[in-house]
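Numbering (this note's numbering), first residue to last: 4 to 285.
No residue lacks a Cβ here, since even glycine has one placed at the ideal position from N, Cα and C.
Quick caveat: nothing in here was measured; it's all calculated off a predicted structure.
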Amino acid sequence: MSARNKDQRKGFQGRRGSMDDSRGLERRPGRPRGGRVIYVACEGQKTEPEYLEYLTDTYGAGAADRPEFILHRVPTRRGLRPDQTVAAVEREAAADEAWVLFDRDQHRESDIQQALRDAAEARVEVGFSHPSFELWFLLHFQAFSGAQHGSSDTVVDKLRNSRVTDAFRDYARHDKSVKSPARRNALRHREQDAVDHARALVNRCEHADCHADNAQWDLVPRAGDQARERISWQRWSARSGHAEHCPVLGRDPSTDVWRLLVSLGIATVPDSPQRTRRRSIG
Numbered sequence: 004m005s006a007r008n009k010d011q012r013k014g015f016q017g018r019r020g021s022m023d024d025s026r027g028l029e030r031r032p033g034r035p036r037g038g039r040v041i042y043v044a045c046e047g048q049k050t051e052p053e054y055l056e057y058l059t060d061t062y063g064a065g066a067a068d069r070p071e072f073i074l075h076r077v078p079t080r081r082g083l084r085p086d087q088t089v090a091a092v093e094r095e096a097a098a099d100e101a102w103v104l105f106d107r108d109q110h111r112e113s114d115i116q117q118a119l120r121d122a123a124e125a126r127v128e129v130g131f132s133h134p135s136f137e138l139w140f141l142l143h144f145q146a147f148s149g150a151q152h153g154s155s156d157t158v159v160d161k162l163r164n165s166r167v168t169d170a171f172r173d174y175a176r177h178d179k180s181v182k183s184p185a186r187r188n189a190l191r192h193r194e195q196d197a198v199d200h201a202r203a204l205v206n207r208c209e210h211a212d213c214h215a216d217n218a219q220w221d222l223v224p225r226a227g228d229q230a231r232e233r234i235s236w237q238r239w240s241a242r243s244g245h246a247e248h249c250p251v252l253g254r255d256p257s258t259d260v261w262r263l264l265v266s267l268g269i270a271t272v273p274d275s276p277q278r279t280r281r282r283s284i285g
């Protein structure tokens, strides 16, 4: 990472303290020249924030076919419901680009639907994983299918016993870090595989109208006249590629994190100009 990007990262660590503190950021993140600053609130306290840091460290400097970016993690306290996580990023991001990451876990369907309603109203993008964020890691190494009914046991077991890497062999409840060089190296340059596998899950959804080609990740204004248009939570949730009438808990298994990576230019979708160019270069 360049010295300039390191200086920028110092500026986007954000303030610490109570989530209920209504003050603005003491120092808002510096915006990369021609790049993006994206505020992200995570339900998880360790794995997801460390993954965001990994993305910024590894890809944030940009490349010839994608701009610089900074993923600014919004501090949250442990034990928040998904809708509270949405509220946290909405408060910190103001009118800037915002995402929220949460998973099925043991949340009630009503809690998840409320989070989607709030996200639609605030124009906050949702990266929902079912059954857990670990599914996103697993998809870097293999395809996956089969309903998990809210349990992560099979996902984590396959992640630990991957034939591709042993970096996650000791991944456990008390060791979910992705800061180690071994785990970062295992993930690096496999993002395209993860995106392809995640898109395949959308296409295999039991609801026939779900298709990854219907997914959206374009920047939606969060302020101004365009932001005043009311969007139903079903329509907003359908940006994932799942049909509006597809029950959220019926998207089992699935993860929407792939849309974030495509929006950043880290990975591409079939027939995109970037993918064609990368294939020809390779």
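- Item | Whole-number beta carbon distance between R84 and D60, since they are thought to touch under 8 angstroms | Within the sequence shown, numbered from 1, the residue matching residue 60 stands at position 57. Within the sequence shown, numbered from 1, the residue matching residue 84 stands at position 81. Between D60 and R84 the beta-carbon gap is near 30 angstroms, outside 8 angstroms, which marks them as no contact.
- Cβ pair count under 8 angstroms reaching 3, the stretch 252–260 against the stretch 144–163: Contact between the stretch 252–260 and the stretch 144–163 is established, with three or more Cβ pairs separated by less than 8 angstroms.
- Item | Span separating the alpha-carbon of S5 from that of W139 | As a first step, residue 5 is located in the sequence shown; it is residue number 2 there, counting from the start. As a first step, residue 139 is located in the sequence shown; it is residue number 136 there, counting from the start. Note on S5: pLDDT 45, under 50, position unreliable in the model; the coordinate value appears next. Using only the alpha carbons, I get a separation of about 28 angstroms.
- Message: Once the 5 residues before and after I234 are set aside, which same chain residues still bring their CB inside 7 angstroms of it?
- Response: Along the sequence shown, one-based indexing puts residue 234 at 231. Cβ neighbours of I234 within its own chain (closer than 7 angstroms, five residues either side excluded): A123.
- beta strand (DSSP E) containing R123: first to last residue? Counting from one through the sequence shown, the residue named residue 123 turns up at place 120. Looking at the sequence itself, residue 123 is Ala, so the reference to Arg does not match. Premise fails: A123 lies in the alpha helix (DSSP H), 112–125, not in any beta strand (DSSP E).
- Query: Between the C-alpha atoms of A146 and S180, what's the straight-line distance to the nearest angstrom?
  - Reply: In the sequence shown, the residue the question calls residue 146 occupies position 143. In the sequence shown, the residue the question calls residue 180 occupies position 177. Rounded to the nearest whole angstrom, the C-alpha separation of A146 and S180 is 23 angstroms.
- Query: When you compare each of D216, D86, D99 to V272 by their alpha carbons, which one comes out closest?
  - Reply: As a first step, residue 272 must be located in the sequence shown, where it is residue number 269. Looking at the Cα atoms, D216 is the closest of the given residues.
- Item | Three-state class that DSSP yields for G38 in the structure shown | Translated into positions along the sequence shown, residue 38 becomes position 35. Reduced to three states, the DSSP call for G38 is coil.
- Looking only at C-alpha atoms, which of S132, D108, E100, D212 sits nearest to A125? The count along the sequence shown starts at 1 and reaches residue 125 at position 122. Check the Cα spacing between A125 and each of S132, D108, E100, D212: the tightest is with E100.
- Considering only the beta carbon of each residue, do P256 and H143 sit closer than 7 angstroms? Counting from one through the sequence shown, the residue named residue 256 turns up at place 253. Counting from one through the sequence shown, the residue named residue 143 turns up at place 140. No. Outside cutoff.
- Message: Would P224 and A218 be called neighbours here (beta carbons separated by less than 7 angstroms)?
- Response: On the sequence shown, residue 224 is found 221 positions in, with the first residue counted as 1. On the sequence shown, residue 218 is found 215 positions in, with the first residue counted as 1. No, the pair does not count as a contact, with Cβ atoms beyond the cut-off.
- Query: What residue range is occupied by the uninterrupted alpha helix (DSSP H) comprising R94?
  - Reply: The sequence position of residue 94 within the sequence shown is 91, counting from 1. 85–96 is the span of the alpha helix (DSSP H), which, as asked, contains R94.
- Between the CA atoms of A211 and R262 - distance to the nearest angstrom: One-based indexing of the sequence shown puts residue 262 at position 259. One-based indexing of the sequence shown puts residue 211 at position 208. Straight-line Cα distance between these residues: approximately 20 angstroms.
- In this structure, does DSSP put L28 in helix, strand or coil? Translated into the one-based positions of the sequence shown, residue 28 becomes position 25. The pLDDT assigned to L28 is 36, lower than 50, so where the model puts this residue is not dependable, and the model offers no usable value.
- Message: Which residue wins for smallest C-alpha separation from L119, given the options Q109, A270, V103?
- Response: In the sequence shown, residue 119 corresponds to position 116, counting from 1. Residue V103 is the option with its Cα nearest to L119.
- Item | Neighbourhood of Q48 by C-beta, 7 angstroms cutoff - its chain only, sequence neighbours within 5 removed | Start at 1 with the first residue of the sequence shown, and residue 48 comes out as number 45. These residues qualify, in order along the chain: R81.
- Which of the three DSSP states, helix, strand or coil, is assigned to H75? Here residue 75 corresponds to residue number 72 of the sequence shown, with the count starting at 1. DSSP, reduced to helix, strand and coil, places H75 within a strand of the structure shown.
- Cβ-Cβ distance between T79 and F105 below 7 angstroms: Within the sequence shown, the letter at position 76 stands for residue 79. Within the sequence shown, the letter at position 102 stands for residue 105. The beta carbons of T79 and F105 sit no closer together than 7 angstroms.
- Under a three-way DSSP split, which group does W102 fall into? Indexing the sequence shown from 1 puts residue 102 at position 99. Per DSSP, reduced to three states, the secondary structure at W102 is strand.
- Closer than 7 angstroms by C-beta to S266: which residues in its own chain qualify, once you throw out the five before and the five after it? Chain order, please. Position 263 of the sequence shown, counted from the first residue, corresponds to residue 266. Excluding residues within five positions, the ones whose Cβ falls inside 7 angstroms are W220.
- What are the partner residues of T258, as DSSP defines its beta bridges? As a working note, residue 258 is residue 255 in the sequence shown. Secondary-structure assignment with DSSP links T258 through a beta bridge to S132.
- By DSSP, does R233 sit in helix, in strand, or in coil? Counting from 1 along the sequence shown, the entry for residue 233 is found at position 230. Here R233 sits in coil by DSSP.
- Message: As a quick exercise: from F171, L204, A226, pick the residue whose alpha carbon is nearest that of H245.
- Response: To locate residue 245, count along the sequence shown from 1; it is residue 242. Nearest in C-alpha terms to H245, of all of F171, L204, A226, is L204.
- Mind checking E209: buried by the 16 CB within 10 Å criterion, or exposed? On the sequence shown, position 206 is the one that residue 209 refers to. Taking all protein chains in view, the Cβ of E209 is surrounded by fewer than 16 other Cβ atoms within 10 Å, so the residue is classified as exposed.
- Item | Three-state secondary structure assigned by DSSP to V43 | Looking up residue 43 in the sequence shown gives position 40. When secondary structure is reduced to three states using DSSP, V43 falls in the strand class.
- In three-state terms, what does DSSP make of D60? Position 57 of the sequence shown, counting from 1, holds the residue named residue 60. In the three-state reduction of the DSSP assignment, D60 falls in the helix class.
- Flag this pair as yes or no: are the beta carbons of Y57 and E95 separated by less than 7 angstroms? Within the sequence shown, residue 57 is the residue found at index 54, counting from 1. Within the sequence shown, residue 95 is the residue found at index 92, counting from 1. Against a cut-off of 7 angstroms, the Cβ pair of E95 and Y57 comes out as no contact.
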